[in-house]
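J.:
In the numbering used here, the protein residues as written are 2 to 403.
1. So residue 240 and residue 363 are supposed to be a Cβ contact under 8 Å. How far apart are they, rounded?
2. Candidates 259, 316, 194 and 250: which alpha carbon is nearest residue 41's?
3. Return the CA-CA distance between residue 291 and residue 305, expressed in angstroms with no decimal places.
4. Please go through the same chain and pick out, in chain order, the residues whose beta-carbon is closer than 7 Å to the beta-carbon of residue 387, but skip the five residues on each side of it.
5. Count the other C-beta atoms from every protein chain shown that fall within 10 angstroms of the C-beta of residue 252, then say buried if there are 16 or more, exposed otherwise.
6. Compute the beta-carbon to beta-carbon distance between residue 73 and residue 62, rounded to the nearest angstrom, for a pair I have assumed lies under 8 Å.
7. Relative to the C-alpha of residue 51, which candidate in 254, 317 and 148 has its C-alpha closest?
8. Counting only the same chain and skipping the five closest in sequence on each side, list residues whose C-beta sits under 8 Å from that of residue 134.
9. Which parts of the stretch 275 to 362 are runs of the alpha helix (DSSP H), unbroken and 4 residues or longer, counting only runs that do not cross its ends?
10. Sort 293, 181 and 314 by Cα distance to residue 54 and report the nearest one.
11. For residue 198, I'd like the list of residues in its chain whose CB is within less than 7 Å of its CB, leaving aside the five on either flank, ordered along the chain.
12. In its own chain, which residues sit with a C-beta less than 7 Å from the C-beta of residue 1, not counting the 5 before and 5 after it?
13. Would you check if the distance between the CB atom of residue 141 and the CB atom of residue 318 is smaller than 8 Å?
14. Decide if the stretch 120 to 139 is in contact with the stretch 350 to 363; the criterion is three or more beta carbon pairs, one per stretch, under 8 Å apart.
15. Roughly how many angstroms separate the alpha carbons of residue 44 and residue 106, rounded to a whole number?
16. Who are the Cβ neighbours of residue 66 in its own chain at under 6 Å, not counting the five residues just before and after it?
17. Can you have a look at residue 104 and say buried or exposed, based on whether 16 or more other CB atoms are within 10 angstroms of its CB?
18. What is the DSSP secondary structure of residue 179, counted as helix, strand or coil?
19. Consult DSSP for residue 201 and reduce its assignment to one of helix, strand or coil.
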């Protein structure tokens with residue numbers, strides 16, 4: 002596996018005198034030669050790609066339990082239904098995007114948007130997604146400083162600089178090495194989370210009925226924690242902002258798969274793994290709702306109820322989650338930048354992005370989260386609708402042409 006060709010250019014940079022291409026033509030203008038269609042499935046690849054997709058989306062919000070609390074557990078027992086809805090969407094959308102990535106074989110994976118919405122809007126979404134990726138990478142690097150300080154007592158800047166340099170070294174090693182590393186980290190985080198969540202749920206199942214998760218919820222949950230007032234909307238938004246973030250990277254993973262079938266299975270398995278992790282954290286929080294509701298890092302608090310060492314282990318898991326999300330986001334931004342630079346500039350471009358990430362990582366963490374995550378979920382929601390619509394349209398067109 003190798004990074005896409007450095008000399009590729011975005012679909013939006015084509016000359017203005019040529020006729021407006023169709024949606025697929027715009028997306029495939031810079032596509033590599035398509036691999037012969039195969040139904041072969043290499044299960045080692047499925048594991049690597051599924052693990053990489055899980056690791057990519059986990060981030061600090063999932064590992065800390067804060068996202069699960071906000072999007073699911075804050076709705077009480079019906080939040081579990083929201084978790085099921087999200088899991089199903091993660092499975093289907095993840096499979097569709099990876100299959101599309103294999104089908105298109107784009108040299109610049111960010112052009113995948115044009116395959117769904119056309120050249121003009123696709124180019125706009127392409128750059129929106131890249132900027133969003135950079136912003137979330139900054140959030141991850143910024144958050145690493147606070148988590149590292151909590152774990153070790155060292156100044157925040159040590160964690161920020163350390164995470165930036167670690168990402169720099171990984172991205173410089175190339176896509177194949179990056180996928181190998183985070184493809185291992187993702188399953189570790191999910192397995193650890195599921196085991197701890199199961200232990201807490203089984204241990205505290207008897208007190209589930211005494212928690213304020215049925216009927217009227219605590220005012221703090223409704224007013225201070227919930228992202229929206231409806232658990233279904235909240236579940237869809239959770240998938241939406243995650244898949245908008247993962248669109249480019251998932252497309253690249255699909256391109257590297259042996260076959261479209263392999264790509265689809267990897268996307269589905271990754272979605273299932275992430276969904277199971279969400280459900281187990283939700284169950285653990287629900288059995289300790291009053292304890293976890295007002296905590297910044299619910300999983301850390303819940304882990305400490307088992308043993309202080311488990312709490313420390315969750316701190317390490319959070320750092321791994323930050324690394325496994327920040328690094329591929331860093332790669333997405335670097336890959337886009339290299340479309341406009343000679344391959345010989347790879348080190349300089351990677352180093353420059355690292356310097357900007359570290360500098361921006363010293364901005365206030367809370368302010369960054371509020372500014373970046375505000376409306377992105379709704380953009381992602383519209384994109385998911387388009388993905389489904391385009392998939393159905395293409396299937397009908399192929400059937401009629403057969």
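Cβ atoms here follow ideal geometry from the backbone N, Cα and C, with glycine treated the same way. Every value quoted in this text rests on a predicted model; they were computed, and no experiment measured them.
T.: Put simply:
1. About 31 Å; that fails the 8 Å criterion.
2. With distances taken between Cα atoms, residue 41 lies closest to 259.
3. Taking the Cα positions, residue 291 is about 15 Å away from residue 305.
4. Closer than 7 Å at Cβ, skipping near neighbours: 117 and 118.
5. Classification for residue 252: buried.
6. Going by Cβ atoms, the distance from residue 73 to residue 62 rounds to 12 Å, so no, they are not a contact pair.
7. Taking only the C-alpha atoms, the option nearest residue 51 is 254.
8. Cβ neighbours of residue 134 beyond the five flanking positions: 246, 249, 330, 333 and 334.
9. As far as the stretch 275 to 362 is concerned, its whole alpha helix (DSSP H) runs of at least 4 residues are 290 to 293, 299 to 307, 309 to 339 and 347 to 361.
10. Nearest C-alpha to residue 54: 181.
11. Contacts found: 281, 282, 284 and 285.
12. An answer regarding residue 1 cannot be provided, because it is not within the stretch 2 to 403 covered by the chain.
13. Contact: no.
14. With a cut-off of 8 Å on Cβ pairs, the stretch 120 to 139 is in contact with the stretch 350 to 363, counting three or more such pairs.
15. Rounded to whole angstroms, the gap between the alpha carbons of residue 44 and residue 106 is 21 Å.
16. For residue 66, where only same-chain residues beyond five positions count, the Cβ hits under 6 Å are 282, 299 and 300.
17. Buried is the call here.
18. Here residue 179 sits in helix by DSSP.
19. DSSP places residue 201 in helix when its eight states are reduced to three.
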